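Accompanying notes for the structure given below.
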Amino acid sequence: MSMIVPFGPQHPVLPEPLQLRLEIVDETVVSALPVIGYVHRGLERLAEQKDFQQDTYLIEHICGICSFMHSTTYCTGIEEIMNIEIPERAKYLRVAWSEMHRIHSHLLALGLLADAFGFESLFYQIWRTREHIMDAMEYTTGGRVMLSAACVGGVRKDINEEQKQFVLEKLALIEAEFKEEAHVLLDDYTVKARTVGVGVLDAKTAYERGAVGPTARASGLKMDHRMTGYFAYDKLDFEPVVENDCDAYARTKVRIREVFQSIDLIRQALSALPDTPLKTAFKGNPNGEAAVRAEQPRGEVIYYLKGNGTDKLARCRVRTPTFANVAPMLHMLNGCSLANVGVIVLSVDPCISCTER
Amino acid sequence: MSKFTGKSPWVVHFNCNSCNGCDIEFLACLTPLYDAERFGVLHVGNPKHADILVVTGSVNKKNMHVLKNVYDQIPAPKAVVAMGVCAATGGLFADCYNVVGGIDKVIPVDVHVPGCPPKPEAMLDGIVKAVEILKKKTKETETVTEELPVVIVKPKELPAETAAPATAKESEK
Numbered sequence: 198m199s200m201i202v203p204f205g206p207q208h209p210v211l212p213e214p215l216q217l218r219l220e221i222v223d224e225t226v227v228s229a230l231p232v233i234g235y236v237h238r239g240l241e242r243l244a245e246q247k248d249f250q251q252d253t254y255l256i257e258h259i260c261g262i263c264s265f266m267h268s269t270t271y272c273t274g275i276e277e278i279m280n281i282e283i284p285e286r287a288k289y290l291r292v293a294w295s296e297m298h299r300i301h302s303h304l305l306a307l308g309l310l311a312d313a314f315g316f317e318s319l320f321y322q323i324w325r326t327r328e329h330i331m332d333a334m335e336y337t338t339g340g341r342v343m344l345s346a347a348c349v350g351g352v353r354k355d356i357n358e359e360q361k362q363f364v365l366e367k368l369a370l371i372e373a374e375f376k377e378e379a380h381v382l383l384d385d386y387t388v389k390a391r392t393v394g395v396g397v398l399d400a401k402t403a404y405e406r407g408a409v410g411p412t413a414r415a416s417g418l419k420m421d422h423r424m425t426g427y428f429a430y431d432k433l434d435f436e437p438v439v440e441n442d443c444d445a446y447a448r449t450k451v452r453i454r455e456v457f458q459s460i461d462l463i464r465q466a467l468s469a470l471p472d473t474p475l476k477t478a479f480k481g482n483p484n485g486e487a488a489v490r491a492e493q494p495r496g497e498v499i500y501y502l503k504g505n506g507t508d509k510l511a512r513c514r515v516r517t518p519t520f521a522n523v524a525p526m527l528h529m530l531n532g533c534s535l536a537n538v539g540v541i542v543l544s545v546d547p548c549i550s551c552t553e554r
Numbered sequence: 008m009s010k011f012t013g014k015s016p017w018v019v020h021f022n023c024n025s026c027n028g029c030d031i032e033f034l035a036c037l038t039p040l041y042d043a044e045r046f047g048v049l050h051v052g053n054p055k056h057a058d059i060l061v062v063t064g065s066v067n068k069k070n071m072h073v074l075k076n077v078y079d080q081i082p083a084p085k086a087v088v089a090m091g092v093c094a095a096t097g098g099l100f101a102d103c104y105n106v107v108g109g110i111d112k113v114i115p116v117d118v119h120v121p122g123c124p125p126k127p128e129a130m131l132d133g134i135v136k137a138v139e140i141l142k143k144k145t146k147e148t149e150t151v152t153e154e155l156p157v158v159i160v161k162p163k164e165l166p167a168e169t170a171a172p173a174t175a176k177e178s179e180k
């Protein structure tokens, strides 16, 4: 005899309103059905009514967590339509701010995961470390969450020598502090009891269901869109982080290793900043279409943009990483116990605001 | 009662239609750097335990019923804080087809915190202001206890033989 348990939209574990209708038999989840629409605003439609330059600011507000990456990917799409080559310095700065966003997003996700299995002091410790990167973003751009640093043709803000030293100091602090917290997440007996073997997604299912980002990489798929070398990633030295354990523990491990990888990438990008202007001047309106991709903290985002020669876009379509990760998440939820639902959902790190726009 | 209200206001957070910008900043308020707990603020998940409702984002046709439901579950007296410009008017998304407007279309709001997103310092200020409003509301709704008859209960006098061992024990100590 099964019964339906609603999980959300207002739930202590979830920071966002997602509803999962869980069909349970005793304590085991038999099937899960997501109910969406609680955060839908209609942003794609609004983007078609505004100027394509104003859209840079609007699209930044698709999601507050990976805001800079959304606006840069959009700008890359417009640049591809209009054949604008952006200056070298802008490419490196885009990498630096993108990686800062990745650190802050991963620390946020790991903290919330710790809160989901009831380790509140670890949640507080991780979020205290996260404040260092928020300070670095505020010192370089003036905004903690919405950086507004990207624009079509380059970037709007610069990182000078003094700001660079500040960022490097903060990175050293994060590295030292996060090593201790990573040790707790990876080696603590009680933490491992909640994450090891929970939410298993094997490589074949991950591939078939179209998992992206850390969810795919924790299942052994070597998928990182940064390897294609957009922005200045082709000039930086890094390898995608891949784990083969396929469970919530592996996804945690991927995120932890990516935080250290991002710290390394920011150091590389800031040490190699070329001395060029920040922005390429351009004229005219976009005419044509482009599909661009970028690697966000949660996975690969795809933008499809179509211009018709006017200052307003004909179509702006976004496929966000969380949308791709919903199908793998539902697969993980089948057969898990009700107590593990929160851990599984947060190990995928869904961003509902991105998905529904 | 009003003497104690406001010493430890419990806060429940509801994300209406937000872009997450305000939500992550509100969560940052509770963490060690900004530390809202020094004002006694505790973040709870159950609206039935809460005194203050913090709402981020505007309302749409689907979540307005959920917001009303969460608001109705909070026991009176209660205060509502609208975080960010979206919760006030709809903000950047006011022209979107699925956005109804600010949360004041659904529930009464006590404090508006402007910004997109507001700084954590501004958010703390908003919560402290909501605590003042909560104190005032408590005074208005308080039952006057002075006029009730005062009943003093005295213990019955015990018989001499049962009272004796107790006193003997005390003297041993």
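Protein sequence lines correspond, in order, to chains P and W.
Residue numbers for the first sequence follow our numbering, so the first one is 198 and each next one is one higher.
Residue numbers for the second sequence follow our numbering, so the first one is 8 and each next one is one higher.
The beta-carbon is built from N, C-alpha and C at its ideal position, and this holds for glycine as well.
Remember, predicted model here, so these are calculated numbers, not experimental data.
Leu305, Tyr321, Trp324, Arg325, Glu328: these are the residues of the region 304-335 of chain P whose beta carbon lies less than 7 Å from some beta carbon of chain W, given in chain order. Residues of chain W with a Cβ closer than 7 Å to the Cβ of Ser550/P are, in chain order, Ser25, Cys26, Asn27. Excluding sequence positions up to five before and after Val48/W, its CB lies within less than 7 Å of the CB of Pro16, Val18, Ile134, all in the same chain and listed in chain order.
For Cys260/P, the C-beta contacts it makes with chain W under 9 Å involve Cys26, Asn27, Gly28, in order along the chain. Here Ala369/P is exposed, its C-beta having fewer than 16 other C-beta atoms within 10 Å. For Phe46/W, no CB of chain P lies under 8 Å from its own CB, so it is not counted at the interface with that chain. Rounded to whole angstroms, Ala129/W and Val120/W show a C-alpha spacing of 7 Å. Any Cβ of chain W closer than 8 Å to the Cβ of Arg516/P would place that residue at the interface, and such an atom is absent. With a threshold of 8 Å between beta carbons, Gly539/P makes no contact with chain W. In the structure shown, Ile499/P falls within a strand segment according to DSSP collapsed to helix, strand and coil. Interface criterion not met: the Cβ of Gly122/W is under 8 Å from no Cβ in chain P.
Across the region 215-247 of chain P, CB contacts with chain W closer than 8 Å involve Gly234, Tyr235, Val236, His237, Arg238, Gly239, Leu240, Arg242, Leu243, Gln246, in sequence order along the chain. For Met343/P, a Cβ of chain W is located within less than 8 Å of the residue's own Cβ.
Residue-level contact check: Val77/W touches chain P, since one or more beta carbons of chain P fall below 8 Å from its beta carbon.
Against chain P, the CB of Thr148/W has no partner CB under 8 Å away; the residue lies outside that interface. Around the C-beta of Val538/P, 16 or more other C-beta atoms lie within 10 Å, and the residue is accordingly described as buried. Ile140/W sits in a helix when the DSSP states are folded into three classes. Per the C-alpha coordinates, the member of Ser295/P, Glu257/P, Arg448/P, Lys509/P positioned closest to Tyr430/P is Ser295/P. By the Cβ test, the region 385-398 of chain P is in contact with the region 534-551 of chain P, since at least three Cβ pairs between them sit closer than 8 Å. Between His267/P and Arg406/P the beta-carbon gap is near 24 Å, outside 8 Å, which marks them as no contact. A straight line joining the alpha-carbon of Ser550/P with that of Ser25/W spans about 7 Å.
With a cutoff of 8 Å on beta-carbon distance, Ala379/P and Arg291/P are scored as not near each other. For the 8 Å CB-CB criterion, Leu344/P and Ser264/P form a contact.
In this structure, the straight-line span from the alpha carbon of Ile110/W to that of Ala95/W is close to 7 Å.
Under the three-state reduction of DSSP, Val66/W is assigned to strand. Among the bridge pairs identified by DSSP, Ile59/W is matched with Val18/W, Ala86/W.
Here Ile140/W has Ala86, Asp117, Val118 as same chain residues with Cβ atoms under 8 Å from its own Cβ, once five neighbours each way along the sequence are excluded. Counted as a single uninterrupted DSSP element, the stretch harbouring Phe457/P is not any beta strand (DSSP E) but the alpha helix (DSSP H) occupying residues 445-468. In this structure, Pro525/P is the residue among Pro525/P, Arg554/P, Thr273/P with its C-alpha nearest to the C-alpha of Pro411/P. Taking a contact as a CB-CB distance under 8 Å, the pair Phe100/W and Ser65/W counts as one, their CB atoms being some 6 Å apart. His50/W carries a strand assignment under DSSP once its states are collapsed to helix, strand and coil. For Gln207/P, the C-beta contacts it makes with chain W under 7 Å involve Phe21, Val73, Val77, in order along the chain.
Residues of the region 88-113 of chain W whose Cβ lies closer than 8 Å to any Cβ of chain P, in chain order: Leu99, Phe100, Asp102, Cys103, Tyr104, Asn105, Val106.
In this structure, Ile499/P places its C-beta atom within 8 Å of the C-beta atom of Ala488/P.
For Arg325/P, the enclosing alpha helix (DSSP H) has its first and last residue at 317-338. For Asn484/P, the secondary structure class from DSSP, reduced to helix, strand or coil, is strand.
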